[in-house]
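If you count the sequence shown from 1, position 53 lands on 72 in my numbering, and the numbers rise without skipping. Presented below is the structure to which this report refers.
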Amino acid sequence: MIVTNQALTMAVVIRHDGQQVTLVPMRSGKLTAQRLLASQFNHDWQTFDYPLEKAVQSFLAHARDHGASKEVLNGLERLAKRDQDVVASLF
Numbered sequence: 020m021i022v023t024n025q026a027l028t029m030a031v032v033i034r035h036d037g038q039q040v041t042l043v044p045m046r047s048g049k050l051t052a053q054r055l056l057a058s059q060f061n062h063d064w065q066t067f068d069y070p071l072e073k074a075v076q077s078f079l080a081h082a083r084d085h086g087a088s089k090e091v092l093n094g095l096e097r098l099a100k101r102d103q104d105v106v107a108s109l110f
């Protein structure tokens, strides 16, 4: 899921278990994960109509250039693989 906040920061949600949300905000430098309670996430972030595949590839390119935590890389790669598997199953 791609989300944005009032500061127009775009982020990718890499985990949402109903109680806690882990997201990766796009920012300069190394990408890190941010954890929020679901209620705080719902208050501060709104879904953003942007293609997931394009966003994930952009975040992965940024991670290659500027670095990212292991958690972020694993989450983004998992999303990319899941999205690839879904598209592949359509054909």
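Just so it is clear, CB atoms sit at the ideal spot from N, CA and C, and this is done for glycine as well.
- Where Gln38 is concerned, there is no enclosing beta strand (DSSP E), because DSSP gives it neither an H nor an E.
- Its chain contains Ile33, Thr41, Leu42, Val43, Ser88, Glu90, Val91, Gly94 as the residues whose beta carbon lies nearer than 8 angstroms to that of Ala52, once the 5 sequence neighbours on both sides are disregarded; these appear in chain order.
- Within the stretch 45-82, the runs of alpha helix (DSSP H) at least 4 residues long that lie entirely inside it are, in chain order, 57-63.
- Distance check between Arg83 and each of Gly37, Lys49, Asp36 places Lys49 closest, using alpha-carbon atoms only.
- In the three-state scheme derived from DSSP, where H, G and I count as helix and E and B as strand, Ala26 is classed as coil.
- Contact between Thr66 and Met20 holds: CB atoms are separated by about 6 angstroms, below the 8 angstroms threshold.
- Within a 10 Å sphere around the beta-carbon of Ala26 sit fewer than 16 other beta-carbons, which makes this residue exposed.
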